[in-house]
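Using the UniProt record's numbering, read the sequence shown as starting at 1 and increasing by one per residue. Here's the structure, in structure tokens; my notes come after.
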Amino acid sequence: MADSTVVMWLVNGQSVESSYLNEWALQGGRRVSKVSGGCQIELRLVVVEMTEENVKTELKCITQNQGGRQEVVAQFQLEDSKFTWLVVAAVAISCFLTVVSIFLYILFKPKRKKKMDYILARQNSTF
């Protein structure tokens with residue numbers, strides 16, 4: 001059944017090779033895995049570079065065999081890079097301040113008198 005199944009990616013209704021994503025996207029090799037009750041077919045789509053223009057792009061994965069046809073639609077979503085950098089900066093500053101605080105605590109902590117577990121005494125008490 002896996003041999004007769006056709007799997008392909010479409011970008012805005014066109015194949016990856018003929019779409020504008022041809023320069024930035026690569027369609028990976030086909031991989032078939034056996035799972036309980038059948039098989040699983042993977043055909044990866046690797047996007048090398050993303051721009052804001054790509055957000056409106058419709059990606060469609062189409063599979064077709066004797067059992068029928070199935071389509072799954074996906075779209076790109078860009079995260080706000082400013083927010084991402086703010087989170088990274090906040091975490092980095094927190095880690096830095098923690099390390100500095102520990103260093104300063106160790107450097108300036110009050111010295112404790114060491115408890116002696118033994119008493120040094122002479123055996124011969126004559127001077």
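From the three backbone atoms N, C-alpha and C, an ideal C-beta is built for every residue, glycine too. A quick note: this is a predicted structure, and the numbers were derived from the prediction, not measured.
Per DSSP, what kind of secondary structure is residue i in: helix, strand or coil?
i	result
K34	strand
T98	helix
N124	coil
E53	helix
L26	strand
L45	strand
S15	strand
K82	helix
Y118	coil
Output the distance between the C-alpha atoms of residue i and residue j, rounded to the nearest integer angstrom.
i	j	result
F76	S4	30 Å
V6	T63	5 Å
V11	W24	12 Å
G68	E52	35 Å
C39	R31	10 Å
I41	I102	52 Å
residue 128	E71	The chain is shown from 1 up to 127; residue 128 falls before or after that span and cannot be answered.
K109	A92	25 Å
F83	V99	25 Å
S18	E58	14 Å
Q14	L26	14 Å
G37	N65	16 Å
A89	N54	27 Å
Looking at the strands, I want to know which residues DSSP matches up with residue i.
i	result
K60	L10, V73
Q40	S33
G68	N65
Give me the residue from the options with the minimum Cα distance to residue i.
i	options	result
M50	A89, Y20, R44	Y20
G28	A90, W9, K60, Y118	W9
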